[in-house]
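To start, the structure under review is shown below, and the notes come after it.
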Amino acid sequence: MDKVNVQKTIDQSKDIIRKIYRYKLLIFIVFVAVIYGYSLMRIHSLYNEQPSQNSVAAQNNPLKGSAVDKSVVSQLQALRDNSVNVKTLFDQTRSNPFQE
18 MDKVNVQKTI DQSKDIIRKI YRYKLLIFIV FVAVIYGYSL MRIHSLYNEQ
68 PSQNSVAAQN NPLKGSAVDK SVVSQLQALR DNSVNVKTLF DQTRSNPFQE
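Just so you know, the sequence shown maps onto residues 18 to 117 in this note's numbering.
Here it is as structure tokens:
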């Protein structure tokens, strides 16, 4: 009795597949249209979405600069003033930065 039910189910599924196979192009076109429509709807909803207050505040806040220690600045200036070769390199690049 179990083999009869299995065979009958297989036959019914073959009939259904044959009927669906006739409309394979139509089913494919409907499937692509549904995907395309969903994509357009999602793009439209994301396009019209307003930013949250947190993201607006984060974009409007200026970036905080890093602090440079004054002793480091004075030490670098002292090193630059003491080295004649470096000083001439600085002057050359300031006067003509595109020189090779």
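For each residue, glycine too, the CB sits at the ideal point set by N, CA and C.
Only a predicted model underlies this, so the values are computations on that prediction, with no experimental measurement involved.
Reduced DSSP secondary structure (H/G/I, E/B, other) of residue i
| i | result |
| --- | --- |
| Ser72 | helix |
| Asn78 | coil |
| Ala84 | coil |
| Gln67 | coil |
Host alpha helix (DSSP H) of residue i (start-end)
| i | result |
| --- | --- |
| Ser56 | 41-64 |
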